[in-house]
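One structure below.
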Amino acid sequence: MTDQKSSLLKIRGLRIEGRADEKWFEIVHGVDLDLRRGEVMGLIGESGAGKSTIGLAAMGFTRDGCRISAGSIEFDGMELTSSPEEDLRMLRGARIAYVAQSAAASFNPAHKLIDQHTAAPVQHKIRTRRESEEDAMELYRRLRLPHPEEIGFRYPHQVSGGQLQRAMTAMAMSCRPDLIIFDEPTTALDVTTQIEVLAAIRDIVDQFDTAALYITHDLAVVAQMADRIKVLLKGDEVEEADTRSMLASPKEDYTKSLWAVRSFQRQQKPPAGAGETPVISVSGVSAAYGPVKVLDDVSFDIHRGRTVAVVGESGSGKSTAARCITGLLPPTGGDIRHNGQVLPASFKERSKDQLRQAQMIYQMADTALNPKKRIGEIIGRPVAFYRGLRGADLKKRVDELLDQIELEPSQFFHRVPSELSGGQKQRIGIARALAAEPEFIICDEVTSALDQLVAEGILKLLDRLQEDLNLAYMFITHDLATVRAIADEVVVMKEGKVVEAGPKDEMFRPPHHEYTDLLLSSVPEMDPDWLDGLLERRGVDNIGEAARK
Amino acid sequence: MSTFAIVFYTLMIAASCLAAYYHRREAFLVLFSLTLASFLMGLLGGESWLRTVAIAIGLFFACAGLAYSFREFLAQTLPRETAKIMRNAPLTASFGLFVILVYVVAAVFAPVIAPHGEAEVIGSSYAPPDENMLLGGDQLGRDMFSRIIYGARNTVGIALLTTALAFLVGSLTGLMAATLGGWVDQTCGRVVDTLMAIPQLVFALLLLTIVGTNVVNLILVIALLYSPLVFRLARAVAGNIVVMDYIEAARLRGEKTWYLIISEILPNATAPLVAEFGLRFCFVFLAISALSFLGLGIQPPTADWGSMVRENATLISFGEVTPLIPAAAIALLTVAVNFVVDWMLHLSSGLKE
Numbered sequence: 005m006t007d008q009k010s011s012l013l014k015i016r017g018l019r020i021e022g023r024a025d026e027k028w029f030e031i032v033h034g035v036d037l038d039l040r041r042g043e044v045m046g047l048i049g050e051s052g053a054g055k056s057t058i059g060l061a062a063m064g065f066t067r068d069g070c071r072i073s074a075g076s077i078e079f080d081g082m083e084l085t086s087s088p089e090e091d092l093r094m095l096r097g098a099r100i101a102y103v104a105q106s107a108a109a110s111f112n113p114a115h116k117l118i119d120q121h122t123a124a125p126v127q128h129k130i131r132t133r134r135e136s137e138e139d140a141m142e143l144y145r146r147l148r149l150p151h152p153e154e155i156g157f158r159y160p161h162q163v164s165g166g167q168l169q170r171a172m173t174a175m176a177m178s179c180r181p182d183l184i185i186f187d188e189p190t191t192a193l194d195v196t197t198q199i200e201v202l203a204a205i206r207d208i209v210d211q212f213d214t215a216a217l218y219i220t221h222d223l224a225v226v227a228q229m230a231d232r233i234k235v236l237l238k239g240d241e242v243e244e245a246d247t248r249s250m251l252a253s254p255k256e257d258y259t260k261s262l263w264a265v266r267s268f269q270r271q272q273k274p275p276a277g278a279g280e281t282p283v284i285s286v287s288g289v290s291a292a293y294g295p296v297k298v299l300d301d302v303s304f305d306i307h308r309g310r311t312v313a314v315v316g317e318s319g320s321g322k323s324t325a326a327r328c329i330t331g332l333l334p335p336t337g338g339d340i341r342h343n344g345q346v347l348p349a350s351f352k353e354r355s356k357d358q359l360r361q362a363q364m365i366y367q368m369a370d371t372a373l374n375p376k377k378r379i380g381e382i383i384g385r386p387v388a389f390y391r392g393l394r395g396a397d398l399k400k401r402v403d404e405l406l407d408q409i410e411l412e413p414s415q416f417f418h419r420v421p422s423e424l425s426g427g428q429k430q431r432i433g434i435a436r437a438l439a440a441e442p443e444f445i446i447c448d449e450v451t452s453a454l455d456q457l458v459a460e461g462i463l464k465l466l467d468r469l470q471e472d473l474n475l476a477y478m479f480i481t482h483d484l485a486t487v488r489a490i491a492d493e494v495v496v497m498k499e500g501k502v503v504e505a506g507p508k509d510e511m512f513r514p515p516h517h518e519y520t521d522l523l524l525s526s527v528p529e530m531d532p533d534w535l536d537g538l539l540e541r542r543g544v545d546n547i548g549e550a551a552r553k
Numbered sequence: 006m007s008t009f010a011i012v013f014y015t016l017m018i019a020a021s022c023l024a025a026y027y028h029r030r031e032a033f034l035v036l037f038s039l040t041l042a043s044f045l046m047g048l049l050g051g052e053s054w055l056r057t058v059a060i061a062i063g064l065f066f067a068c069a070g071l072a073y074s075f076r077e078f079l080a081q082t083l084p085r086e087t088a089k090i091m092r093n094a095p096l097t098a099s100f101g102l103f104v105i106l107v108y109v110v111a112a113v114f115a116p117v118i119a120p121h122g123e124a125e126v127i128g129s130s131y132a133p134p135d136e137n138m139l140l141g142g143d144q145l146g147r148d149m150f151s152r153i154i155y156g157a158r159n160t161v162g163i164a165l166l167t168t169a170l171a172f173l174v175g176s177l178t179g180l181m182a183a184t185l186g187g188w189v190d191q192t193c194g195r196v197v198d199t200l201m202a203i204p205q206l207v208f209a210l211l212l213l214t215i216v217g218t219n220v221v222n223l224i225l226v227i228a229l230l231y232s233p234l235v236f237r238l239a240r241a242v243a244g245n246i247v248v249m250d251y252i253e254a255a256r257l258r259g260e261k262t263w264y265l266i267i268s269e270i271l272p273n274a275t276a277p278l279v280a281e282f283g284l285r286f287c288f289v290f291l292a293i294s295a296l297s298f299l300g301l302g303i304q305p306p307t308a309d310w311g312s313m314v315r316e317n318a319t320l321i322s323f324g325e326v327t328p329l330i331p332a333a334a335i336a337l338l339t340v341a342v343n344f345v346v347d348w349m350l351h352l353s354s355g356l357k358e
């Protein structure tokens, strides 16, 4: 579409090596990339695909312990791989800017936003401090930040995550660079905030005709942002095409498999009979951390063999509800029943059997498994603890469990967690929960730290286990695609209250509660026109307000 | 210029050139700076200084060679897992291990190695070294060498026991405080604050004066004084571990506190605790020596390096090195333990190189 525009960034045969165990390993195997002025290219792939590494290399930069071993990076006629550090420094910030995933970690908490904003233009002698401040306010206005005249004089902790991410984009714009590299800028944000940031980034890139590399693992996001998409796998290019043709007809099998992930969906099971006692029944539960009330009169039931998805933004109290059910945080009001029996508020007062019946699977498998224990011990402990099995019986049961989670027992029994991949660790977490032979499992964001393909495998496994063992799941998530895939019932939470609850099919069909509607409509779809359509429906100017409502 | 000087400089320069030629950067830097230093020494002090420098360099390389071969020896004989760790260990670590091994052997087999008894008077006081008394006699005419050997047993043994006791008490209470939290944590914390508020040596002197000086009391008092430091470390380390999800999972399983501490937390806290053990051991060792020097530590006629320094201190004014020998024994062990501790800290930090 922009054929007449001149080439800005030209990467040829780029190879990058990383150092591990005193050896160099190639992590990017000869990638080519062309970017014209004003064009946005999406780099997409799983973790370890090398997309961030390539993004940084476009600035002539490599992380510690990495080096560019071959290839050329030509930025506007200047060869970056052979340029002295001094020249690269003149380039970075002024003509190439970088927006990191976590704005909160990238701003210096000790300085005001505007001080950090003006540093680059003043340093590069593009603008004086005063001009730069005025420019900052203009950029804040264009990025639709509230109170553009005074927001710059706040400290990073005084503004929200989405605002901070926009302020960072403004900062990247401060020298009007030719190229901005966005490294997963919305991954850490809630869906409703993500919309604001996406719309703001797209507009400003458009207005200043800036070229951009947009790095993400979320296909639906990249579909909104990019003119062209490049798919990467383990440091190799899989394919590259215009966004529309790529979405319409992916050529390679790997790309197709990425596209297919979101298609996993199982049938909603019929609702439980009216007379059946729910496995877990939460009624009128309130809870507080000190004086701060975090749960207010929350009620829902979870039936045998069913999955209840609890959704909401961060801070909505969904994890707190789980802590109340497990007894880690005794509720201040209301009660939690297990098969009709009231459970003691604190886990310390619950019997061994009551504890056995409710198990938990955690978001971060890294911190959920003791790094010093072998897999056999991790899974074996609950078996020995609850059932008193020893020796050969114990080994046999652990082997069974490993079989159930589709890991080869002889290979994994003696390993430690650090020798496992993210998906395998999460499977061990599942096996540990199963080892207790519970009726009910709480899954706390179990797939959100995983790549899409791996996450799908975990969801399928959980689904199969539910079929086999008639388990009840409470599925905490902020990802509505996951909800669509696995839930029977949905509970929507906001600010510690249940906003709406009901069977999945009803929840995804209008009419919704206002907040549910906002959540649902904020989930990016694989349609390149989706963001435009949404903004039009909501009215461009009040998008920020709509999200805050 | 004498033949010695010529040979010496030729060797040094040749070695430097070889190191440079084979791109051994560190070796070259060490060798060549030694060469430059010996030029200076030769100019300033003539040949006698040069000989001293040559001996020092010789000793240095002997130690390095010893450490190198000891490391190889361990790497060859140990089982595979441990051998791999040893092969990557720095030379300082294997030197430290070797020195510690020598001390342990001396301590265990003291009666066999020592030619004379611990308190046996066999010559005149301050007798010069001869074939019978390798390092001469002390102020009562006892054999210095035998007393050094026995001293290893007493000083090192007592220091080891004391440190172990301090660690047992300190780390258990520390882990307990971190795991249970609440009032247990508060109580332990305030007791420790109180103990740490009083200067250590003064407090030790006070307590030893009250309970009387014998070996058991000495061990108990010093262990009491050092356990608060261990408590603090253990509590801080465990504080980072108890917030992990696997601890929460274990709690929700209904595990007892004892299981949590021993089986879930301790394995993850071992590395920093072991490193601290080595470091603390040196301090305890020095504290015992200091108390002995003040006359409140290990009582005569039991051989102890600290009191041996004090007893022979008068010889210093006559330019004799005898009182420095037990001091050197203390210094060498301290250095060796620190080498090993540095290495362990490095291992526990998880850095690959």
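Order-wise, the sequence lines are chains A and B.
Positions 5 to 553 (the working numbering) are the ones given, in order, by the first sequence.
Positions 6 to 358 (the working numbering) are the ones given, in order, by the second sequence.
Think of the CB as a built atom: it goes at the ideal place given N, C-alpha and C, for glycine as much as any other residue.
All figures in this text were calculated on a predicted structure; none of them were measured in a lab.
Reducing DSSP to helix, strand and coil, say where residue i ends up.
| i | result |
| --- | --- |
| A:Leu424 | coil |
| B:Leu39 | helix |
| A:Tyr159 | coil |
| A:Gln271 | coil |
| A:Cys70 | strand |
| B:Ile153 | helix |
| B:Leu356 | Because the pLDDT at B:Leu356 is just 48, under 50, the model does not fix this residue reliably, and the point stays unresolved. |
| A:Val126 | helix |
| A:Ile306 | strand |
| A:Ser287 | strand |
| A:Val338 | Note that residue 338 of chain A is Gly in the sequence shown here, rather than Val. Strand at A:Gly338. |
| A:Gln367 | coil |
| B:Tyr108 | helix |
| A:Gly506 | strand |
| B:Phe301 | In the sequence as displayed, the identity of residue 301 of chain B is Leu instead of Phe. Coil, per DSSP. |
Tell me which same chain residues have a C-beta within less than 6 Å of the C-beta of residue i, skipping the five on either side of it?
| i | result |
| --- | --- |
| B:Arg258 | none |
| A:Glu50 | Asp455 |
| A:Glu317 | Asp194 |
| B:Asn273 | Ile246 |
Excluding five sequence neighbours on each side, which residues of the same chain lie with their C-beta closer than 8 Å to the C-beta of residue i?
| i | result |
| --- | --- |
| A:Leu1 | Summary: the structure shown does not reach residue 1 of chain A, with chain A confined to residues 5 through 553, and so no result is reported for it. |
So, is the C-beta of residue i closer than 8 Å to a C-beta in chain B?
| i | result |
| --- | --- |
| A:Met478 | no |
| A:Arg391 | no |
| A:Ala388 | no |
| A:Arg436 | yes |
| A:Pro375 | yes |
| A:Ala291 | no |
| A:Ala313 | no |
| A:Thr57 | no |
Beta-carbon of residue i versus every beta-carbon of chain A: anything under 8 Å?
| i | result |
| --- | --- |
| B:Leu350 | no |
| B:Arg258 | yes |
| B:Met249 | yes |
| B:Leu39 | no |
| B:Glu2 | Any property of residue 2 of chain B remains undetermined from this structure, which presents chain B solely from 6 to 358. |
| B:Ala254 | yes |
| B:Asn273 | yes |
Between residue i and residue j, which are expected to be in contact by the criterion C-beta below 8 Å, what is the C-beta distance as a whole number of angstroms?
| i | j | result |
| --- | --- | --- |
| B:Thr167 | B:Val289 | 5 Å |
| B:Leu301 | B:Leu210 | 6 Å |
| A:Pro125 | A:Ser178 | 5 Å |
Please work out which residues of its chain come closer than 7 Å, Cβ to Cβ, to residue i, disregarding the five sequence neighbours upstream and downstream, and give them in chain order.
| i | result |
| --- | --- |
| A:Met5 | The pLDDT assigned to A:Met5 is 42, lower than 50, so where the model puts this residue is not dependable, and the model offers no usable value. |
(message) So if I threshold CB-CB distances at 7 Å, which residues from the region 346-357 of chain A count as touching chain B?
(response) The region 346-357 of chain A vs chain B, Cβ under 7 Å: Phe351, Lys356.
(message) Along the region 214-238 of chain A, where does the CB come closer than 7 Å to a CB of chain B? Name the residues.
(response) Listed by position, the residues of the region 214-238 of chain A near chain B (Cβ gap below 7 Å) amount to none.
(message) Against chain B, which members of the region 397-415 of chain A pass a CB distance test of less than 9 Å?
(response) Those residues of the region 397-415 of chain A placed with their C-beta closer than 9 Å to a C-beta in chain B do not exist.
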